[in-house]
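A.B. asks: Its first residue numbered 11, the sequence shown is counted upward by one per residue in our numbering.
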Amino acid sequence: MKQLQEKILTDGKVLSESVLKVDSFLNHQIDPSLMHEIGDEFAARFGNEAITKILTIESSGIAPAVMLGLNLGVPVVFARKRKSLTLVDQLYTASVHSFTKNETNEISVSKDFIKSDDVVLIIDDFLANGQAALGLVDIVEQADAALAGIGIVIEKGFQTGGSMIRNRGIRVESLAIISSMANGKVEFHQEVPS
Ligand code: G4P
Ligand code: NA
Ligand code: NA
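So, in structure tokens, the structure goes:
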């Protein structure tokens, strides 16, 4: 997605060879107009899949997921990283290990919001090692729902998550795939056809 690549080049900050800071439009401040375009692009790629529900994870997946939900006219559910007071039982849960933070967290989704007749599309802001995405896939499987695929805003193609998930036969569509951030320079590669 050209517009997204340009935004990453102008506003993204390469913190190291493997970490990209996009706080000014995705992870802290949010650019609504760009999110709108992102929602439309996901809709163009997955619009023929009869999706009934979008599943993401708090917090940074919510903005792109909601713009897509608005386009498709379907509800958006976000997995919680902490259990809420009112969300005590009837939960699907999955363990998500963060390699970056070296910690494992339990994510949860109420059984009220994903049913076995749902066709679910998973959305997230970043795909790195793929552990968050796998946790969401686990929840879709627990619900016995159908998985239409995974839509990612920014994939770090030099990390293992994308190939690991595609090798499981899951369709992954990433709007920008970064092939390298060596020497402080972001380079993109062509999206993997799915
Ligand atoms: P992973 O194995 O699932 O790929 O996750 P990892 O532990 O590598 O990443 C943990 C958090 O850091 C996730 O957000 C993930 O989206 C984000 N992340 C990973 N790589 C990058 C990067 O290069 N740049 C940025 N900006 N984020 C990255 P989170 O902690 O769940 O935060 P949020 O969704 O509340 O923003
Ligand atoms: Na995220
Ligand atoms: Na994030």
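Even for Gly, the Cβ is constructed at its ideal location relative to N, Cα and C. Computed from a predicted structure; not experimentally measured.
Which residues in the same chain have their Cβ closer than 7 Å to the Cβ of LEU36, if we skip the five residues on either side of it in sequence?
C.D. replies: Within the sequence shown, numbered from 1, the residue matching residue 36 stands at position 26. Correct list, in chain order: SER70, ASP135, VAL163.
A.B. asks: For the beta strand (DSSP E) that SER190 lies in, which residues bound it at each end?
C.D. replies: The residue you call residue 190 lines up with position 180 of the sequence shown. Where SER190 is concerned, the enclosing beta strand (DSSP E) stretches over 182-190.
A.B. asks: Is DSSP giving SER204 helix, strand or coil here?
C.D. replies: In the sequence shown, the residue the question calls residue 204 occupies position 194. Model confidence at SER204 stands at a pLDDT of 49, short of 50, so the residue's coordinates are unreliable; what they give is reported in the following sentence. Of the three classes helix, strand and coil, the one that applies to SER204 here is coil, per DSSP.
A.B. asks: Sorted by chain position, which residues of the same chain lie with C-beta nearer than 7 Å to ASN81's C-beta, five sequence neighbours on each side aside?
C.D. replies: Taking the first residue of the sequence shown as 1, we reach residue 81 at position 71. Only GLY49, ASP50, ALA53 meet the Cβ criterion.
A.B. asks: Decide if the segment 140-152 is in contact with the segment 56-76; the criterion is three or more beta carbon pairs, one per stretch, under 8 Å apart.
C.D. replies: The segment 140-152, when compared against the segment 56-76, does touch it at the 8 Å Cβ threshold.
A.B. asks: Within 10 angstroms of the Cβ of ASP128, are there 16 or more other Cβ atoms? Answer buried if so, exposed if not.
C.D. replies: As a working note, residue 128 is residue 118 in the sequence shown. Looking at its Cβ environment, which holds 16 or more other Cβ atoms inside 10 Å, ASP128 is buried.
A.B. asks: Listed by chain order, which residues have C-beta atoms less than 5 Å from any heavy atom of ligand 2?
C.D. replies: That query returns the following residues: SER70, GLY71, ASP134, ASP135.
A.B. asks: Taking 7 Å as the cut-off, does the CB of LYS31 come closer than this to any heavy atom belonging to ligand 1?
C.D. replies: Position 21 of the sequence shown, counted from the start, is the residue given in the question as residue 31. Yes, the beta carbon of LYS31 sits closer than 7 Å to at least one heavy atom of ligand 1.
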